[in-house]
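Colleague: Quick one: the structure is below, and I'll ask about it shortly.
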Amino acid sequence: MKNKRMVSLVLILALIATMLPTAMVFGESTPDIAGARVDTEAPTAPTGLRAGEFTDTAVVLNWLASKDNEGVMQYEISYGTKTILTENTNVTIPDLLPDTPYAFQVKARDAAGNLSAAASLNLATKRSQNDHAKSDWQELQSLAPSRMTGVYTKLPGGFKGYADGPLLGNGDIGTVSGGTADSQTIYIDKNDFWMKSSKLTVGGVTITNQAHDTSSAPSYRYEQDLLNAEVRADVTLKNVQLKMKTWVDANSNLVITELRTQAATPVPLTVDVWVPEAADKPFKSGTDTARGVLWAARESSSSQAPKEWMSRAVLATRLLGAPLTDFRSSGGRAQADFILQPNTTVTLVTQVSGGGGENPDVPEAASYLKLAQARVMGMTSATIAAQHEAHLAWWKNFWLKSYVITNDEWFDKYYFGALYALAASNRTGKAAPGIFGSWITNDSPGWGARYFLNYNFENPYWGVFSSNRPELADAYFDQVLGYMPYGINRTHEAGYRGFSTTRSLARPYGPATVGWDPSRIPVSPVAPAKTRSKLNDQLMLGAYLATNFINHYTYTKDKEFLRNKAYPYLLSLADFWEDYLVMENGKYVIKDSAPREANEHDDNSILDIAMVKFLMKGLITASRDLDVDAARRAKWQDIIDKLADYPTFVYSVTGKEVFKESESYIDGKTGKRIVNPGRPFIGGTNVKGPWHAVMTGLFWPSDEINLSTTSRLKQIALNTIEAYGSWEQTNSFAMQFPAAVRIGYDVDEVLTNFKKIISSSKSSSLLMRNNLTVYQKGGGIETSGSVETINALMLQSYFDESRGKDVIHLFPMLPKNKYPEAHFRQLRARGAFVVSSGLHGGAIADVRLTSEKGGPVHIVNPFVAGQVQVVKIDGTSETPVKVDQAQGLITFQTEAGATYKLRAN
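Printed below as a string of structure tokens:
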């Protein structure tokens, strides 16, 4: 009887639980951490500690994750007298001394404070060959106020899409600053916080002035400092001036905000830690009064169905420098009050913890809460200062990887803002950002802020390789490879071999997701019948994604990357295209694939032809360099040789031959296939643009047409840029401009239109905002891809068909009379060469080249006349190198790791 009563009680309690509001249903309970079971079990030691990229002043350390019974809170990296804290399994150690031995130790710590044994690594930094490093940093510091600082003098707005406000981030979390007449809010996002088909925000921290004085209007000034990755705010709320400095730690998920006032009397403030309260997305908040911690947490779904996507995130905040009082929490908000004394600085420390993956892999929110509380409790003024020092050093190292100075205010602002947005939203080992980066501030962002593969996802990374920052694309590669097993299954189920993809991906994939294990995804057999309708309308998207894989290898010659990541992906695409292509009249024809969305019945789409050809060339190079699959190269070369011709037509407005989107398509009105008469973006035939710049994929990033091209394709390409007028078309900013520069189009027209966009505040669909990022109506962070426009003015490298080799071309498109003192540091060229050069009075003053992999280098002779001297630099000594100056090139052999100077004799 007693047992029956107990069962009845359990059933009644279960029934009550189902009737409670969603806000109360939050997985496991979240007990007071102070009363939890004592954990004495230390994490396992990190393994596999190794050095990745390293130079004379910095090294990237990588290791395999430790294991712990309740989760690893952080890793502690020690060297000399310094310690850096991170939650990642990689860290950049900057500000090292050249040619100096170092001993590094990495230990794991859990929330209970247990510390693992150490993983150790000894190495010596390289001898410095960069005599510009100190002066480079001084130059960047001098330029920061005018070129690397964005200013808002009113409340930022426009948070629905690509956020228009001061932006911070570390490639895993991002923040946007905003507020109201009496408060300031730091909106917080995390790259892996998604529901199953759309991006969600995490929440935020709000500081509110409790005073009731409205005798003066509020005022606002925000400075977004790109150099140091911090936001400084000077605001007056209810007649009280507040100064705030916020930074998102480069090495951990800490958001630090310092507050100070010069008011004559104490200022009563409220801090509010919150998450959105959505009925179908569980949420909870609480306080730990004993330790002064406020927290709020949320989940992306109330479903616990196996394999359904689940994200969980927790915000935990603590105040240093003043006591919190009157703790309270309700729903998704936890609040407390404090007094800000005049001329006293207090610091809000917020930890963002969480993860996303498939049920049931993602830990309960209580686990993330425990880690978050432990992190903020472990932060003191001293540890914050140490983290800030490491944070500043990380960004210094980032900016010194390369930079360009045109001495044009608008070009320089765009350049630094674009690179900053990529660095703040991408990080190795973390989930890739969606279309709007790491700055989603609500649960209904445009287009779900998904990963759109028909240019938006590829575009941002088109300039990172020449910018000497290939690591910025690491998260991109993991996302693509993470989806690869699903794409293969989808393709097999349609009856085709290999890999193809959908037009967009609705959530993160790959190793950044919790519990990722591709072996758990069974491979579907290839269906016996081919069903084209089961594939995406734009078949070239898999090859379009491949452009960044190919260019990463082309610019770095990283064989480990090629072998483990790029080649398996390229090979899956080869399998598909070998199976899909149709031979007709001696040509490989691409049937039923659209150059743009929603018209799957185009034949010989120009973008398909360009991407397939670029893919096959990349496969042949990769196969040779890895010495594999030699028997398949003949087929790939045959496809290159016999692929359908690029479709063209005569544009009646100019009377010139230009490219068109496809050879033919099925007319929507008649249902009949017709020859494409030259269909522009806005409809009709021979209508003046702006037209969509989709066709420029033929020029860049495929490099099918470049400065050296002498065939008729070059003239058709120039005619096409002239005819299409896509400068202000709102999908084309990162396509049209770099493509035009890389094929040699009229540079004055290019730069006039480029500056028109970034210097204008009148357009509502394409403009540069106060945070120095460019907004275009058709997307988000892909506008960063136009850094290639600036790089390509200064340095281009390409395969020169007439000479049969890769060449490096200095200042190929820069109007030297307009920018006579322009210079660049450490841009990357094909073949893994890193180059620096500058102009003085419009003439090239110096050239420095570092060869990472060795081998011959071919440079278009930049000097006016006479013989060129090349010397190898070794410390302060210089050794002459044998030079060949045939074919208008400077050619010499290089050694891996060596640096060379070039000068006119």
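So for the sequence shown, our numbering puts the first residue at 690; every next one is plus one.
Beta carbons are placed, not taken as given, at the ideal position from N, Cα and C, and that holds for glycine.
Which residues mark the beginning and the end of the beta strand (DSSP E) in which Gly1176 is found?
Modeller: Run containing Gly1176: none in the beta strand (DSSP E); it sits in the alpha helix (DSSP H), 1163-1182.
Colleague: With a threshold of 16 other CB atoms inside 10 Å of the CB of Gly1577, please say whether the residue is buried or exposed.
Modeller: exposed
Colleague: What ranges does the beta strand (DSSP E) occupy inside the region 1308-1396, keeping only unbroken runs of at least 3 residues that lie completely in it?
Modeller: Complete beta strand (DSSP E) runs here, min 3: 1337-1340, 1345-1348, 1353-1355, 1362-1364.
Colleague: Please go through the same chain and pick out, in chain order, the residues whose beta-carbon is closer than 7 Å to the beta-carbon of Gly1467, but skip the five residues on each side of it.
Modeller: Thr1419, Asn1420
Colleague: Might you give, ordered along the chain, the residues of its own chain that have their beta carbon closer than 7 Å to the beta carbon of Ala1023, omitting 5 neighbours on each side?
Modeller: Val962, Ser974, Gly975, Thr976, Leu983, Trp984, Ala985
Colleague: What are the start and end residues of each continuous beta strand (DSSP E) run of 3 or more residues lying completely inside the region 1481-1547, in chain order?
Modeller: 1484-1489, 1494-1499, 1512-1518, 1522-1529, 1532-1540
Colleague: Between Asn811, Thr1202, Gly1176, which lies nearest to Ser1261 when the distance is taken from Cα to Cα?
Modeller: Gly1176
Colleague: Excluding five sequence neighbours on each side, which residues of the same chain lie with their C-beta closer than 8 Å to the C-beta of Leu844?
Modeller: Gly867, Gly868, Thr869, Tyr909
Colleague: Out of Ala1120, Ala1110, Leu948, which one is the CA nearest neighbour of Asn1032?
Modeller: Leu948
Colleague: Do you know how far the Cα of Ala1195 is from the Cα of Ser886?
Modeller: About 5 Å.
Colleague: Within a Cβ cutoff of 7 Å, which residues of the same chain sit near Ala1063, ignoring the five residues on either side of it in sequence?
Modeller: Met762, Ala800
Colleague: List the DSSP bridge partners of Ile766.
Modeller: Ile773, Val795
Colleague: Grab me the residues of Tyr1104's own chain with a C-beta within less than 7 Å of its C-beta, minus the 5 sequence neighbours each way, in chain order.
Modeller: Val1093, Val1476, Ile1479
Colleague: Pick from Phe1552, Gly1586, Gln1582: whose alpha carbon is nearest that of Asn1594?
Modeller: Just measuring C-alpha positions, the residue of Phe1552, Gly1586, Gln1582 sitting nearest Asn1594 is Phe1552.
Colleague: In whole angstroms, give me the CA-to-CA distance for Gly737 and Ser1213.
Modeller: Rounded to whole angstroms, the gap between the alpha carbons of Gly737 and Ser1213 is 34 Å.
Colleague: Please report the distance separating the alpha-carbon of Ala754 from that of Trp1084.
Modeller: 25 Å
Colleague: Just list the residues that DSSP pairs Thr1014 with in beta bridges.
Modeller: Asp1026
Colleague: Does the region 927-943 come into contact with the region 994-1002, if we say contact requires no fewer than three beta-carbon pairs (one atom in each stretch) closer than 8 Å?
Modeller: no
Colleague: Would you grab the beta carbon distance between Ala1138 and Thr1202 for me? Rounded to a whole angstrom, and I think it's under 8 Å.
Modeller: At roughly 17 Å, the Cβ-Cβ gap does not stay under 8 Å, so Ala1138 and Thr1202 are not in contact.
Colleague: Shortest alpha-carbon distance to Phe793 belongs to which of Ala807, Met837, Pro787?
Modeller: Ala807
Colleague: Using a Cβ-Cβ cutoff of less than 8 Å, which residues in the same chain neighbour Pro1200 once the five nearest sequence positions on both sides are dropped?
Modeller: Gly1118, Asp1167, Gly1171
Colleague: Flag this pair as yes or no: are the beta carbons of Ala1585 and Lys1246 separated by less than 7 Å?
Modeller: No, they are not a contact pair.
Colleague: So, are the CB atoms of Tyr1277 and Leu1332 less than 7 Å apart?
Modeller: yes
Colleague: Comparing C-alpha positions only, which one of Arg1209, Asn1274, Lys1302 sits nearest to Gly1231?
Modeller: From the listed residues Arg1209, Asn1274, Lys1302, the smallest Cα separation to Gly1231 is found for Lys1302.
Colleague: Kindly indicate which residue of Arg1285, Ala1107, Thr772, Ser989 has the alpha-carbon position closest to the one of Met879.
Modeller: This sequence places Lys at residue 879; Met is not what is there. Considering only alpha carbons, the answer is Ser989.
Colleague: Can you tell me whether Ser1114 is buried or exposed, with buried defined as 16 or more other CB within 10 angstroms of its CB?
Modeller: buried
Colleague: Determine the contact status of Asn1274 and Lys1345, defining contact as a CB-CB distance below 7 Å.
Modeller: no
Colleague: Between which two residues does the beta strand (DSSP E) containing Ile896 stretch?
Modeller: Residue range 892-898 is occupied by the beta strand (DSSP E) that includes Ile896.
Colleague: Identify, in the order they occur along the chain, each residue of the same chain with its Cβ nearer than 6 Å to the Cβ of Phe1581, setting aside the five sequence neighbours on each side.
Modeller: Val1559, Val1570, Val1572
Colleague: Give me the Cα-Cα distance between Asp1281 and Arg1158, rounded to the nearest whole angstrom.
Modeller: 37 Å
Colleague: What would DSSP say about Met999, mapped onto helix, strand or coil?
Modeller: strand
Colleague: Among Leu804, Ser767, Asn777, whose alpha-carbon lies nearest the alpha-carbon of Asp728?
Modeller: Among Leu804, Ser767, Asn777, the Cα nearest to that of Asp728 is on Leu804.
Colleague: In this structure, does DSSP put Leu1228 in helix, strand or coil?
Modeller: coil
Colleague: Do you know offhand how far Pro1049's Cα is from Leu829's?
Modeller: 48 Å
Colleague: Compare the Cα-Cα distances from Leu1111 to each of Leu1142, Asn1148, Thr1130 and report the closest residue.
Modeller: Asn1148
Colleague: Taking the continuous beta strand (DSSP E) assigned at Ala1587, which residues delimit it?
Modeller: 1587-1593
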